[in-house]
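Residue numbers (this note's numbering): 5 to 431.
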Ligand code: NAD
C-alpha cells in the first residue's frame, strides 16, 4: 500500500491519538452497556514493545533507529496490523492504530486480534540497501512477537510488498531457512501473496455500497458518484462503480479534481493519469478543487485520500445520500453527527475499507495451507463477508438508534468482549 496518511482522527492538542481511540471506545461501550471489568481490559494495549537498533549506512556510519510493535488485544486470534515507516511514528500513534485494528478485524468477524508496528524513519532518505538492512534488523528486534500463529504484519504507510518479502525472508532464516510465508501478508504473488489483494480494499468498498444501496432503495444503475483520491483504493472504487452502471461524475488526486455531470470515462481517466501522473487536465471535464469536489451533486461520495476531509464546516453542504469511507478517518466526529441528523448514510472506515485486511486474512489462510485460490474465489468470499457484516452493523444501528460508525464499533467491541468473557481471566 502506498497510502500517504492513515491517521483515523487527528487529536486536539490536549488529546493524544490513543486518547481519541479510548474515547470512541467508551462511547460505543456505553451503547452496549459494557461492564467495568471488560472496559478496563479492552481500553489498554496488551503489549508495547519499543526497540532501538543500529543500522550500518552505505557510507559506513551507523545510525540508531526506534521502532515499535504493539498488540492491543489477542483474544480472537493472532495480532494483525501493518507496519509503517514514517518520521512522525510514535508509540501513542501505534497504540491507537493497534486498537483500531482490533475493532476492524472484529467488525468483519476475522479471527485476529489488533496489532500495529512502525519505525521512526523517513524511508525516502534511505537507499534500497539501507532500507533492506533496516527492515531485516527491525524484523529481528520484534521477532519475539511476530510469527505465523502469533502476529502477522502487513504493509502500511511507506511499506510495500518488497518490504514484506524481506520480513518473510528474515523470519524464515531465523527458522532454519525454510520459507514461512504466513508470517506476513501483502507479499508479492510469487512468494504466496493472494490474487485480488491489490484491489481488495476498493472492491470491499463497492460491496459495502451495494448492500447500503439495497437498504436505501438506491438504484446503482442510475446513481451518480464522486471519488476523492485516485490511488489504489479510489481508482478501484471508481472503476468498479462504473462497471455496475453508476455514473462517476467527479474524481480527484492531490493535484486537484475533475468533474463532468454526464459521467467520466474512468478507463480513459486511468490512462490519462498513467501518462501524466495526475487526473487533472483530463479533456472532457471541468476542473474543480478538492473542497468543491466533496460538495458536488451526487448520490454516493467516496473519500479515498486523507483523514479529516468532511468536517463540521462542510458537512451541511455535502449533497450525497451515501458516504463510503475508503480512507481511514476522513470524517470528524462533529461531521458524523451533522450527517446523521440530515439522514445521510455513512459506511464507516472500520467496516467500509476492511476488504484489505479481509483479503490479507485470505492470504494468511492460503499461505498456511500452501494452497492457493483463484481471484474469483477470493472475490466471492470477500463479498460474503462484506454483505454479512453490513447486515450485522445495520441491525445494530437500528436496534440502538445510533449512526453506523458507533454501531460498527459497538458490534466489534461486543464480539471481542464476548470472546474475552468466554475465555475467562487467566489464571
Ligand atoms: P494511495 O497512495 O494509493 O492513493 C492516495 C490518493 O489520494 C492519491 O491519488 C493521492 O494523489 C490522493 N491524495 C493525496 N492527497 C490528497 C488531497 N489533499 N486531496 C485529494 N486527493 C489526495 O493510497 P491508498 O492505498 O489508495 O489509500 C487511500 C486511503 O485508503 C488511505 O486513507 C488509506 O489508509 C486507506 N486504506 C487503504 C487500504 C489499501 O489496502 N490500499 C486499506 C485500508 C485503508
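C-beta atoms are modelled at their ideal positions from N, C-alpha and C, and glycine is treated no differently.
### Query
For residue 256, does the three-state DSSP call read helix, strand or coil?
strand
### Query
The alpha helix (DSSP H) spanning residue 96 covers which residue range?
Looking at the DSSP string, the run of the alpha helix (DSSP H) that includes residue 96 is 95-111.
### Query
For the ligand NAD, any of its heavy atoms closer than 7 Å to the Cβ of residue 205?
yes
### Query
Are residue 355 and residue 308 closer than 8 Å when you measure CB to CB?
Between residue 355 and residue 308, the CB-CB gap reaches or exceeds 8 Å.
### Message
On the CB-based measure, 16 or more other CB atoms within 10 Å of its CB, does residue 73 come out buried or exposed?
### Response
buried
### Query
Measuring CB to CB, does residue 382 end up less than 8 Å from residue 394?
no
### Query
What residues in its chain sit with their C-beta under 6 Å from that of residue 419, if we drop five residues either side in the sequence?
Only residues of its own chain outside the window of five on either side were considered, and among them 110 have a CB closer than 6 Å to the CB of residue 419, listed in chain order.
### Task
Below 8 Å CB to CB, which residues in the same chain sit around residue 165 once its five sequence neighbours on both sides are set aside?
Cβ within range, chain order: 159, 190, 191, 192 and 197.
### Query
If you draw a straight line from the C-alpha of residue 384 to the C-alpha of residue 360, how long is it?
14 Å
### Query
By a C-beta neighbour count over all protein chains shown, 10 Å radius and 16 as the cutoff for buried, is residue 65 buried or exposed?
Flag for residue 65 reads exposed.
### Task
Please classify residue 439: is it buried, with 16 or more other beta-carbons within 10 angstroms of its beta-carbon, or exposed?
This structure gives no information on residue 439, because the portion of the chain shown stretches from 5 to 431.
### Message
Can you list, in chain order, the residues of its chain with a C-beta nearer than 7 Å to that of residue 363? Leave out the 5 residues immediately preceding and following it.
### Response
198, 200, 201, 204, 382 and 386
### Task
For the alpha helix (DSSP H) holding residue 427, just list the boundary residues, first then last.
408-427
### Message
What would DSSP say about residue 58, mapped onto helix, strand or coil?
### Response
strand
### Task
Grab the span of the alpha helix (DSSP H) containing residue 395 for me, first residue to last.
379-404
### Message
Which runs of the alpha helix (DSSP H) at least 4 residues long sit entirely within the stretch 322-346? Give them in chain order.
### Response
337-345
### Message
What I want to know is whether the C-beta of residue 330 ends up closer than 7 Å to one or more non-hydrogen atoms of the ligand NAD.
### Response
yes
### Message
Please identify the residue among 101, 78, 92 and 94 whose C-alpha is closest to the C-alpha of residue 332.
### Response
101
### Message
Can you look up residue 313 in the DSSP assignment and give me helix, strand or coil?
### Response
coil
### Message
Going by beta-carbon coordinates alone, are residue 336 and residue 312 separated by less than 8 Å?
### Response
yes
#### Entry: Residue burial classification, residue 90 (beta-carbon count within 10 angstroms, cutoff 16)
buried
### Query
How big is the Cα-Cα spacing for residue 234 and residue 242?
8 Å
### Task
Enumerate in chain order the residues of its own chain whose CB-to-CB distance from residue 99 is below 6 Å, with the five nearest sequence positions on each side excluded.
22, 49 and 74
### Message
Considering only the alpha carbon of each residue, which of 46, 347, 154 and 47 lies closest to residue 82?
### Response
154
### Message
If I follow the unbroken beta strand (DSSP E) through residue 462, where does it start and stop?
### Response
Here the chain comprises residues numbered 5 to 431, so residue 462 is not present and cannot be evaluated.
### Task
Would you be able to state if there are at least three C-beta pairs under 8 Å between the stretch 221-230 and the stretch 243-251?
yes
### Query
Taking residue 266 as the reference, which of 329, 187, 259 and 290 has the closest Cα?
290
### Task
Output the boundary residues of the alpha helix (DSSP H) element that contains residue 307.
Per DSSP, residue 307 belongs to no alpha helix (DSSP H); it is in the beta strand (DSSP E), 304-307.
#### Entry: Through-space distance from residue 245 to residue 399, alpha-carbon basis
Taking the straight line joining both Cα atoms gives about 25 Å.
### Task
Put residue 22 into one of helix, strand or coil per three-state DSSP.
helix
### Pair within 8 Å by beta-carbon distance, residue 215 and residue 391
Yes. Within cutoff.
### Message
For the pair the stretch 169-180 and the stretch 140-155, tell me if three or more CB-CB distances fall below 8 Å.
### Response
yes
### Message
So, for residue 77: in the same chain, excluding its five sequence neighbours on each side, which residues have a beta-carbon less than 7 Å away from its beta-carbon?
### Response
46, 50, 106, 117, 118 and 420
### Query
Can the beta-carbon of residue 299 be found less than 8 Å from the beta-carbon of residue 285?
no
### Message
Looking at the secondary structure, which residues open and close the alpha helix (DSSP H) in which residue 430 lies?
### Response
Counting along the chain, residue 430 falls outside any alpha helix (DSSP H), and DSSP gives it neither H nor E.
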